[in-house]
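FYI, my numbering numbers position 268 of the sequence shown as 274, with every residue one higher than the one before it.
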Amino acid sequence: MFHSIVLVKQVPDTTNITGQVMKEDGTVNRAKLPAIFNFEDIVALELALKVKDKFGGKVTAITMGPPRASDILRECLYMGADTVYAISDRKFAGADTLATSYVLSEAIKKIGDYDFIFAGRQAIDGDTAQVGPQTAEKLGIPQATYVEEILDIKDGKAKIRKKIDGGFEIVEAKLPVLLTVIKGAAEPRPFSSKKVMQYKGAKSLMDLEKLTEGNPLLYIDTLKHEYEERNLFIPTLTTDDLPVDLTRIGIKGSPTKVYKIESVVLAGGNQERIEPTKKGIGELIDKLIDDHIF
Ligand SMILES: Cc1cc2nc3c(=O)[nH]c(=O)nc-3n(C[C@H](O)[C@H](O)[C@H](O)COP(=O)(O)OP(=O)(O)OC[C@H]3O[C@@H](n4cnc5c(N)ncnc54)[C@H](O)[C@@H]3O)c2cc1C
Numbered sequence: 007m008f009h010s011i012v013l014v015k016q017v018p019d020t021t022n023i024t025g026q027v028m029k030e031d032g033t034v035n036r037a038k039l040p041a042i043f044n045f046e047d048i049v050a051l052e053l054a055l056k057v058k059d060k061f062g063g064k065v066t067a068i069t070m071g072p073p074r075a076s077d078i079l080r081e082c083l084y085m086g087a088d089t090v091y092a093i094s095d096r097k098f099a100g101a102d103t104l105a106t107s108y109v110l111s112e113a114i115k116k117i118g119d120y121d122f123i124f125a126g127r128q129a130i131d132g133d134t135a136q137v138g139p140q141t142a143e144k145l146g147i148p149q150a151t152y153v154e155e156i157l158d159i160k161d162g163k164a165k166i167r168k169k170i171d172g173g174f175e176i177v178e179a180k181l182p183v184l185l186t187v188i189k190g191a192a193e194p195r196p197f198s199s200k201k202v203m204q205y206k207g208a209k210s211l212m213d214l215e216k217l218t219e220g221n222p223l224l225y226i227d228t229l230k231h232e233y234e235e236r237n238l239f240i241p242t243l244t245t246d247d248l249p250v251d252l253t254r255i256g257i258k259g260s261p262t263k264v265y266k267i268e269s270v271v272l273a274g275g276n277q278e279r280i281e282p283t284k285k286g287i288g289e290l291i292d293k294l295i296d297d298h299i300f
């Protein structure tokens, strides 16, 4: 029986960036962008569910993000996750990877008792691929990146196949271990219609707070209790629930500031004929180096 915790992220649909996406303080105006489930995280969840199918155990999915990030947690429940946690607090906003991995590692310590941490190799917005390895470092556990498959789990060790340039590598790691997963590793299973019916009404604390806005007859504690009773409450971890150093979270804890984001549309420019000779190709490479393309 193994307990896997999966790090999932809601990301702006970067194929659809329009209008003003940056706020005055240099952070991304996520509310302005259509949001999607980072695909490699769905594959990471699929790998965790495969471990559960094969060896038994449970799967927990967690996300740090704004209130609407609970949308992807509901999708995790539809796919078969047993428990989900929203890590959400205004003080976490504007975090770079250092601050993000710090908060995630504190949430994982609070949840505790895990054998695997699964993450996507990369998120399509920040594109840094840093959060997985940074989280492993903060938890003091081994990590394997570019994971394609878990071959076996025996005697407290996992045998893992990972992608490398030009091939693959088989590595063995002592549990608990953090794995970052690549998109080709597995075909995500479809939502279970039974679980969609069961969890489509699931709500996080912020979702419930929104319900009470402008409705004096609705009390947050009563609502929370009611949703917990119906097993439809998405537990939410805030700065009150995690022993975090406030100088290491959010904008305060982020040495990296995103300066600017813009959509780059690659348009065809003037054409030039390259002689298919050693000299012609040589001149082309020089040009590409001069243009900092190489
Ligand atoms: C255009 C842009 C550029 C950026 N550049 C940088 C930069 O250079 N350096 C920097 O430090 N920050 C940068 N950021 C901020 C960065 O996006 C955030 O810190 C973000 O939370 C994590 O980094 P990432 O998106 O690169 O994720 P990655 O490191 O690529 O994510 C890898 C995996 O970690 C997990 N993960 C990541 N974020 C979360 C989360 N919030 N909740 C749960 N799991 C998560 C997911 O499994 C994900 O697949 C940038 C943001 C944007 C929009």
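Glycine residues also receive a C-beta, built at the ideal position from the N, C-alpha and C atoms. Note that this is a predicted model, so its numbers are computed, not measured.
Can you tell which of the options has its C-alpha closest to the C-alpha of residue i?
i           : options            : result
residue 75  : 285, 190, 93       : 93
residue 183 : 150, 240, 279      : 150
residue 82  : 110, 117, 44, 72   : 44
residue 137 : 230, 246, 111, 161 : 111
residue 77  : 19, 296, 42, 222   : 42
residue 203 : 224, 67, 84        : 84
residue 144 : 250, 197, 171      : 250
residue 256 : 61, 49, 97, 67     : 97
residue 71  : 225, 223, 95       : 95
residue 244 : 109, 51, 86, 65    : 109
residue 230 : 99, 117, 51, 207   : 207
residue 264 : 134, 67, 199       : 134
residue 196 : 238, 15, 49, 277   : 49
residue 205 : 228, 224, 238      : 238
residue 254 : 39, 99, 73         : 99
residue 89  : 234, 290, 252      : 234
residue 67  : 73, 40, 19, 15     : 15
residue 73  : 285, 242, 295      : 242
Going by the CB atoms, is the gap between residue j and residue i shorter than 9 Å?
i           : j           : result
residue 158 : residue 10  : no
residue 166 : residue 155 : yes
residue 188 : residue 17  : no
residue 113 : residue 259 : no
residue 106 : residue 91  : no
residue 153 : residue 185 : yes
residue 287 : residue 79  : no
residue 132 : residue 46  : no
residue 61  : residue 8   : yes
residue 13  : residue 191 : no
residue 51  : residue 139 : no
residue 168 : residue 177 : yes
residue 201 : residue 86  : yes
residue 247 : residue 116 : yes
residue 299 : residue 289 : no
Quick check on DSSP: helix, strand or coil for residue i?
i           : result
residue 190 : helix
residue 150 : strand
residue 61  : helix
residue 277 : coil
residue 18  : strand
residue 7   : coil
residue 101 : coil
residue 113 : helix
residue 244 : coil
residue 53  : helix
residue 170 : strand
residue 219 : coil
residue 210 : strand
residue 202 : helix
residue 180 : strand
residue 138 : helix
residue 286 : helix
residue 158 : strand
residue 125 : strand
residue 230 : helix
residue 84  : helix
residue 69  : strand
> Are at least three pairs of beta-carbons, each pair with one atom in the segment 201 to 218 and one in the segment 51 to 61, less than 8 Å apart?
Replying inline: Verdict: no, contact absent.
>> Using a Cβ distance threshold of 8 Å, determine whether the segment 165 to 182 contacts the segment 205 to 215, with at least three qualifying pairs required.
In response: Flag = no, the segment 165 to 182 and the segment 205 to 215 do not touch.
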